[in-house]
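Below is one structure, written out as structure tokens, with a few remarks after it.
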Amino acid sequence: MLLAVLVLVSVVFSLIAPGFATVGSLDNILVVAVPVALLAMGESLAIYSGGIDLSVGAMLGLGGMSGGAIMSGLYHGQTGTDIGLMLLGLGVALAVGLVGGLFNGFVIGKLKLEPLIVTLGTLGIFGGAADLISGGEPLSSFPPSSFELGNGSLVGFLPILVAIGIVVLFLFLFVERMTTLGRHIFALGANRDALVRAGVTPNGVILWVYALAGVAAAFAGFLKASQFQTATPIAGQNTLLLGVAAVVIGGAPLTGGEGTVLGAGLGAILISVLENGFVELGLQSYWQVVAVGALVIVAVYVSQVQQRRKTFGYRHRVRAGTVPAGLMLDEGGSEEHAT
Amino acid sequence: MSQATQAVGSTVTGTGLTKYYGAVAALDNVNFEFGPGLNAIVGDNGAGKSTLLKILSGVVRPDSGSIAVNGKEVDLKTARDARAVGIESLYQDLALAPTMSICDNIFLGRELTKSYFGVKILDRRAMMAVARNALAEIRIKMPDPATAVRTLSGGQRQAVAVARALHFGARILLLDEPTAALGPRETAAFFDTLRSAVRQDGTVVMVGHNLPQVLQMANRIIVMRAGHVVAKFLPEETSVEKLTGFMVGSAS
Ligand SMILES: Nc1ncnc2c1ncn2[C@@H]1O[C@H](COP(=O)(O)OP(=O)(O)OP(=O)(O)O)[C@@H](O)[C@H]1O
Ligand SMILES: [Mg+2]
Numbered sequence: 010m011l012l013a014v015l016v017l018v019s020v021v022f023s024l025i026a027p028g029f030a031t032v033g034s035l036d037n038i039l040v041v042a043v044p045v046a047l048l049a050m051g052e053s054l055a056i057y058s059g060g061i062d063l064s065v066g067a068m069l070g071l072g073g074m075s076g077g078a079i080m081s082g083l084y085h086g087q088t089g090t091d092i093g094l095m096l097l098g099l100g101v102a103l104a105v106g107l108v109g110g111l112f113n114g115f116v117i118g119k120l121k122l123e124p125l126i127v128t129l130g131t132l133g134i135f136g137g138a139a140d141l142i143s144g145g146e147p148l149s150s151f152p153p154s155s156f157e158l159g160n161g162s163l164v165g166f167l168p169i170l171v172a173i174g175i176v177v178l179f180l181f182l183f184v185e186r187m188t189t190l191g192r193h194i195f196a197l198g199a200n201r202d203a204l205v206r207a208g209v210t211p212n213g214v215i216l217w218v219y220a221l222a223g224v225a226a227a228f229a230g231f232l233k234a235s236q237f238q239t240a241t242p243i244a245g246q247n248t249l250l251l252g253v254a255a256v257v258i259g260g261a262p263l264t265g266g267e268g269t270v271l272g273a274g275l276g277a278i279l280i281s282v283l284e285n286g287f288v289e290l291g292l293q294s295y296w297q298v299v300a301v302g303a304l305v306i307v308a309v310y311v312s313q314v315q316q317r318r319k320t321f322g323y324r325h326r327v328r329a330g331t332v333p334a335g336l337m338l339d340e341g342g343s344e345e346h347a348t
Numbered sequence: 695m696s697q698a699t700q701a702v703g704s705t706v707t708g709t710g711l712t713k714y715y716g717a718v719a720a721l722d723n724v725n726f727e728f729g730p731g732l733n734a735i736v737g738d739n740g741a742g743k744s745t746l747l748k749i750l751s752g753v754v755r756p757d758s759g760s761i762a763v764n765g766k767e768v769d770l771k772t773a774r775d776a777r778a779v780g781i782e783s784l785y786q787d788l789a790l791a792p793t794m795s796i797c798d799n800i801f802l803g804r805e806l807t808k809s810y811f812g813v814k815i816l817d818r819r820a821m822m823a824v825a826r827n828a829l830a831e832i833r834i835k836m837p838d839p840a841t842a843v844r845t846l847s848g849g850q851r852q853a854v855a856v857a858r859a860l861h862f863g864a865r866i867l868l869l870d871e872p873t874a875a876l877g878p879r880e881t882a883a884f885f886d887t888l889r890s891a892v893r894q895d896g897t898v899v900m901v902g903h904n905l906p907q908v909l910q911m912a913n914r915i916i917v918m919r920a921g922h923v924v925a926k927f928l929p930e931e932t933s934v935e936k937l938t939g940f941m942v943g944s945a946s
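Right, dumping it as structure tokens:
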């Protein structure tokens, strides 16, 4: 379904905007999609678990700034050791993402606070910390290997960023489908009691979820800084919207308990297609944000309709009394939907 | 792993169990002994029946008192502890994850895994095979175990929960109003399942509201009122009228 929308939008753009359907354009679409996709995959886990992480955009900025600060602080034009320096910057960025994410997870799990409020708070904390690193100024003069990371290609045509995106996608898919952690994340979102009564402590699961979300966001920030050879505290502006949008467009309901990171990845690509298409049409790029916002609302509506259909009782409202009340997702739906 | 061990004749005894919620005594110095067969708990709303089952299943800690299984004192801090001594429960609200599959629900918290180079990966094929068997054992018509639980009817959901409990070798099965959400046909099928569990020397502790049904099936009945056990009966010694009298407090 999402794939069909993606193809349709792409076909429309290539018909009306001649520059859209070129190989260069395709590469560009995927490269632009990667940071959003990383953010969205981390966000996916939070949403599957019945929570949400509003701090991922701010963490993207902080990840870029902390890795960038290390690189620009230690790089003075030397050539020999610069891969090590790039990896050091990357390591610091990921560590910052891990610490920030663990903090979110600890507060949410241990202190039993709403993820929405906790991560709204850390949105401010991470955003402020990113500003503090340089007094709000952008950082640059990174080692050449970081330029290579952000702009180079493997075997001539596959951008390194896209390769990284694919690897991370598989890692997240692995967690989602092949591990007990994945099962427990979905169960936490579907019915926390079911998980507790099955003898699993939710706090461990929550720590994992927000830690992975933090690391993925910081990684996205480091990649963006490498790509543009500049780290700025505001790099995460709008990316929270784009990340959550990708997850929702990818079909995961905010009520938790289901979804797939494949959907989030496709959602990120669709968002990137829109941006590219609008640029090729000569529209101002602000239109992309408007379009994505509208798309989120459409996606939430579609996902709600699907929820109703998937639940027992949709076609059997007459016998709805046989379904425990708490398990009916849509009490207000009207009779004429039934077939 | 405690795979389908059908031990014979388990007993569970509670001594002086007390549990307060604020000033409310949900249980006040409750004593009981449940043995093989069907042990029924009846009582008015708020009598403390669910609280008693929650204590036995390890999700609620009593303020004081002790529990013994087959004469050995046990300390049930979590649902896992209870399972380790063979106590499985079916909750009033079933505790299923509706968006997940039947198979995922059956194995939640004890997923089967295979290890590759030290990395544990879900063994889906094994879990599906076991789930199919577990569902076949209880003889209720069910779709494939890969189906999401939310697409199931109330009776089928019940069956998933029962299959989960029985398959994992429940020696003592706790049921809190298991037929509350079921239609008449599903209720009948459920009691069939229950009878076969009891016949295999299982110990079942059931909270029930349907007194004629309880009288017909139970081997032992205790009546609770306002946090106390007010009477204990064998089914042949009592009647619906007598039970009702104790439940509402007009008899003593
Ligand atoms: N988590 C809780 N917090 C506060 N009070 C509680 C809690 N659980 C139970 N109670 C109180 O303890 C008492 C016993 O409740 P319990 O649920 O054990 O009754 P019950 O016999 O199962 O009733 P019902 O037939 O309605 O299911 C009630 O007064 C109830 O309000
Ligand atoms: Mg109750």
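In the order they appear, the protein sequences are chains W and G. Residues 10 to 348 (the numbering used here) make up the first sequence, in order. Residues 695 to 946 (the numbering used here) make up the second sequence, in order. Glycine included, C-beta positions come from ideal geometry on N, C-alpha and C.
Relative to ligand 1, the beta carbon of Lys743 of chain G is positioned inside 7 Å of a heavy atom. Contact annotation: in the segment 76–103 of chain W, no residue has its CB less than 8 Å from a CB in chain G. Cβ proximity to chain G below 7 Å picks out Met187, Thr188, Thr189, Arg192, Phe195, Ala196, Ala199 and Asn200 from the segment 186–201 of chain W. Set against 7 Å, the gap from the CB of Gly759 of chain G to the closest heavy atom of ligand 1 is not smaller. If the five residues before and after Val901 of chain G are omitted, its C-beta is found closer than 6 Å to the C-beta atoms of Ile735, Lys743, Asp870 and Glu871, all from its own chain and listed in chain order. Take the alpha-carbon of Gly703 of chain G and the one of Leu806 of chain G: they are about 29 Å apart. By the Cβ test, the segment 84–99 of chain W is in contact with the segment 149–157 of chain W, since at least three Cβ pairs between them sit closer than 8 Å. Not one beta carbon of chain G lies nearer than 8 Å to the beta carbon of Val270 of chain W. In terms of beta-carbon proximity, Arg206 of chain W lines the interface with chain G, with at least one pair separated by less than 8 Å. According to the DSSP secondary-structure assignment, Met900 of chain G is paired through a beta bridge with G:Ala734 and G:Leu869.
In terms of Cα proximity to Ile832 of chain G, the closest of G:Ala857, G:Lys814 and G:Gln894 is G:Ala857. For Pro756 of chain G, the closest Cβ of chain W is not nearer than 8 Å.
In the three-state reduction of the DSSP assignment, Glu727 of chain G falls in the strand class. Under DSSP, Ile173 of chain W forms no beta bridge with any residue.
Using beta-carbon distances, Thr772 of chain G counts as an interface residue toward chain W, with a partner under 8 Å. The continuous alpha helix (DSSP H) containing Lys119 of chain W extends over residues Asp91 to Lys119. Close partners of Ile815 of chain G in chain W (Cβ separation under 8 Å): Met187 and Thr188.
Where Val917 of chain G is concerned, the enclosing beta strand (DSSP E) starts and stops at Arg914 to Arg919.
In the three-state scheme derived from DSSP, where H, G and I count as helix and E and B as strand, Gly191 of chain W is classed as helix. Inclusion of Phe195 of chain W and Ala874 of chain G in the CB contact set at 8 Å is not warranted, their separation being larger than that value. Contact note: Gly266 of chain W reaches chain G through Ala791, Pro792, Thr793 and Met794, using a C-beta cutoff of 8 Å and chain order. Note that the C-beta distance between Ala842 of chain G and Lys319 of chain W is below 8 Å. Contact with chain G is absent for Lys121 of chain W, since none of that chain's Cβ atoms lies less than 8 Å from the residue's Cβ. Distances from the alpha-carbon of Gly716 of chain G to those of G:Asp757, G:Val706, G:Leu747 and G:Leu846 put G:Asp757 closest.
Within the DSSP secondary-structure output, Val813 of chain G pairs in a beta bridge with G:Tyr810.
Within the DSSP secondary-structure output, Ala220 of chain W pairs in no beta bridge. For a cut-off of 8 Å, the C-beta gap from Ser53 of chain W to Val256 of chain W is around 5 Å, short enough to register as a contact. Listed along chain G are Ala789, Leu790, Ala791 and Leu802, each with a C-beta nearer than 7 Å to that of Ala203 of chain W.
The three-state secondary structure of Leu790 of chain G, taken from DSSP, is coil.
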